[in-house]
Amino acid sequence: MAKWFANRPSGGHGPRPERAERAKLRVGIPKVLNIWTTHQFWLGFFASLGVSRVVFSSDTSEEQGREFGSGRGTVDCCYPVKCISGHYGELIFGQKRKIDILFSPMIYSMPSFLKGHVADSLACPRVMAAPENIKAGFLKEKDVFAEQGIRYVAPLVSLADPMQVPRQLFKAFDGVLTGLTFDEVREAVDQGYRTLAGFDREMRARSRRILEWCVREQRPCVMVLARPYHMDAGIGHEIEADLQAYGYPILWMQYFPTDPDLLDWMFNPEIRDGYIKSVLDISDVWPSSYSANTNEILWGAKAAARMPWITCVIRLTSYECGMDQPTFTPVQQIVERSGTLFFSFQELDSTKPAGSVKIRIETIAHYLERNSPTIIARKLAAMPEGCPLLPSAAPA
Ligand code: SF4
Numbered sequence: 129m130a131k132w133f134a135n136r137p138s139g140g141h142g143p144r145p146e147r148a149e150r151a152k153l154r155v156g157i158p159k160v161l162n163i164w165t166t167h168q169f170w171l172g173f174f175a176s177l178g179v180s181r182v183v184f185s186s187d188t189s190e191e192q193g194r195e196f197g198s199g200r201g202t203v204d205c206c207y208p209v210k211c212i213s214g215h216y217g218e219l220i221f222g223q224k225r226k227i228d229i230l231f232s233p234m235i236y237s238m239p240s241f242l243k244g245h246v247a248d249s250l251a252c253p254r255v256m257a258a259p260e261n262i263k264a265g266f267l268k269e270k271d272v273f274a275e276q277g278i279r280y281v282a283p284l285v286s287l288a289d290p291m292q293v294p295r296q297l298f299k300a301f302d303g304v305l306t307g308l309t310f311d312e313v314r315e316a317v318d319q320g321y322r323t324l325a326g327f328d329r330e331m332r333a334r335s336r337r338i339l340e341w342c343v344r345e346q347r348p349c350v351m352v353l354a355r356p357y358h359m360d361a362g363i364g365h366e367i368e369a370d371l372q373a374y375g376y377p378i379l380w381m382q383y384f385p386t387d388p389d390l391l392d393w394m395f396n397p398e399i400r401d402g403y404i405k406s407v408l409d410i411s412d413v414w415p416s417s418y419s420a421n422t423n424e425i426l427w428g429a430k431a432a433a434r435m436p437w438i439t440c441v442i443r444l445t446s447y448e449c450g451m452d453q454p455t456f457t458p459v460q461q462i463v464e465r466s467g468t469l470f471f472s473f474q475e476l477d478s479t480k481p482a483g484s485v486k487i488r489i490e491t492i493a494h495y496l497e498r499n500s501p502t503i504i505a506r507k508l509a510a511m512p513e514g515c516p517l518l519p520s521a522a523p524a
């Protein structure tokens, strides 16, 4: 995923003195938590404002925590939150060219593809509060931001509610970016959503191409059900990459294709029978659908259960995650009742137990090789005719 964090070209405005000022600024963003699925929004937003030098911190690592986060820990015991100190420290102390602004949004709600089909799309409360929490570690003896000449900007942002976002971000950057106007921010927010939507479309198209390859080659693939930051090599420990090395393509639930032809084929029988109201409805399995990432994990379990070429699901969760606990049983049951293999790596923390992960990956690969042909055949037989991924369903 790393290359997706690269800078984008700046926006299309003509030269204005204040934009020339902004073009000199360097903005640092810690690559943590829900930044993993919203980074393209921020790149589009800053580019539109003329701020094209955006740097993200690197993947989480023990060295990063030791070198830059040591002694700055705060009270949170949730592993992905604890790691953020190292990301802040790396942006403040570890850059060849110093940053001017450390931007760490308190993301209150997420732009989820399930919006409109669920009760809400909120972030985990620990995610929302994390920037305030971590900031404290850089203020406790002295104000490190002031000492380093860095502006710390951490607005609450309701990304699930586009009407609110321009006001929230204008308030955050007024006085920080020279000559900023509300109209500019509104335009930048629109650009952010467009950039994010374009990226998501491309990733979903790639996932669809993987599924089409699986159909053509009669090969299985693996779905990962996890929160966005498990894509971080230091949080998810690249467990899915180890499995991919055995020749099994990996789909991340966040980027499962949502093309109508595919979802209609997968879910229409249940809509017709009155179990669900739409292809993105999860009320049959998860009535309290307030958390964006939790909702998506539950929907991903349903999608994996119905897609014949997904013969295995890998579930990743982090140490001290209270949000994931209640989802363990429903997710496992949804997946296993369809005959799909299910393996869970829980309580992931800073240490990668390389030996035991290796043994488990070997076991998973063994089960995949032995059982996949039968699982594909059984799941396909349980689904309606006319799968749009099959060559016979392609338009003439
Ligand atoms: S969802 Fe879990 S792991 Fe993630 S921030 Fe919240 S409590 Fe921590």
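Every letter in the sequence shown is one number past the one before it in my numbering, and letter 265, counting from 1, is 393.
The C-beta atom is built at its ideal place from N, Cα and C for all residues, glycine as well.
I believe methionine 238 touches methionine 256 by the beta-carbon criterion, under 8 Å. Please report the beta-carbon distance rounded to the nearest angstrom. In the sequence shown, residue 238 corresponds to position 110, counting from 1. In the sequence shown, residue 256 corresponds to position 128, counting from 1. So it is not a contact: roughly 11 Å between Cβ atoms.
May I ask you to check if the CB of arginine 443 is nearer than 8 Å to at least one heavy atom of the ligand SF4? As a position in the sequence shown, residue 443 is number 315, starting the count at 1. No; taking the cut-off as 8 Å, the Cβ of arginine 443 has no heavy atom of the ligand SF4 nearer than that.
Enclosing beta strand (DSSP E) for glycine 156 [first to last residue]: The sequence position of residue 156 within the sequence shown is 28, counting from 1. 154-157 is the extent of the beta strand (DSSP E) around glycine 156.
Whole angstroms is fine: what's the gap from aspartate 271's alpha carbon to alanine 264's? By one-based count along the sequence shown, residue 271 stands at place 143. By one-based count along the sequence shown, residue 264 stands at place 136. Taking the straight line from one Cα to the other gives about 9 Å.
Using the beta-carbon of each residue, find all residues closer than 6 Å to any heavy atom of the ligand SF4 and list them in chain order. Cys206, Pro208, Val209, Cys252, Arg254, Val255, Arg355, Ser446, Cys449, Gly450, Met451 and Asp452
Assigned exposure category for glycine 178 - 16 Cβ within 10 Å defines buried: On the sequence shown, residue 178 is found 50 positions in, with the first residue counted as 1. Buried is the call here.
Is the beta carbon of tyrosine 207 sitting closer than 9 Å to the one on glutamate 448? Position 79 of the sequence shown, counted from the first residue, corresponds to residue 207. Position 320 of the sequence shown, counted from the first residue, corresponds to residue 448. For tyrosine 207 and glutamate 448, yes; Cβs fall inside 9 Å.
Residue span of the beta strand (DSSP E) that contains phenylalanine 471, given as start and end: As a first step, residue 471 is located in the sequence shown; it is residue number 343 there, counting from the start. Per DSSP, phenylalanine 471 belongs to the beta strand (DSSP E) from 469-476.
Opening and closing residue of the beta strand (DSSP E) in which serine 286 lies: Residue 286 sits at position 158 when you count from the first residue of the sequence shown. 284-286 is the span of the beta strand (DSSP E), which, as asked, contains serine 286.
Please classify glycine 199 as buried or exposed, where buried requires at least 16 neighbouring CB atoms within 10 angstroms. Looking up residue 199 in the sequence shown gives position 71. With fewer than 16 other Cβ atoms within 10 Å, it is exposed.
Assess contact between the region 342-359 and the region 402-415, defined as three or more Cβ pairs (one per stretch) separated by less than 8 Å. Is contact present? no
For arginine 322 and glutamine 453, what's the separation of their Cα atoms in angstroms? Locating residue 322 in the sequence shown gives position 194, where the first residue counts as 1. Locating residue 453 in the sequence shown gives position 325, where the first residue counts as 1. One C-alpha to the other measures close to 34 Å.
Would proline 397 be called buried (16 or more neighbouring beta carbons within 10 Å of its own) or exposed? Taking the first residue of the sequence shown as 1, we reach residue 397 at position 269. Answer is exposed; the Cβ neighbour count stays below 16.
Count the other CB atoms, across all protein chains shown, that sit within 10 Å of the CB of isoleucine 410; report buried if there are 16 or more and exposed otherwise. Taking the first residue of the sequence shown as position 1, residue 410 is located at position 282. Label assigned to isoleucine 410: buried.
Quick check: the region 472-485 against the region 278-289, are there 3 or more CB pairs under 8 Å? no
Beta-ladder partner(s) of tryptophan 380, from DSSP: For the purposes of this step, residue 380 is identified with residue 252 of the sequence shown, where counting begins at 1. Per DSSP, Val352.
Report the residue ranges of all alpha helix (DSSP H) runs contained in full by the region 364-425; include only those spanning at least 4 residues, in chain order. 367-372 and 388-400
Would leucine 230 be called buried (16 or more neighbouring beta carbons within 10 Å of its own) or exposed? Working through the sequence shown from its first residue, we reach residue 230 at position 102. So leucine 230 counts as buried.
According to DSSP, is arginine 443 part of a helix, a strand, or is it coil? In the sequence shown, residue 443 corresponds to position 315, counting from 1. Arginine 443 falls in the strand class under three-state DSSP.
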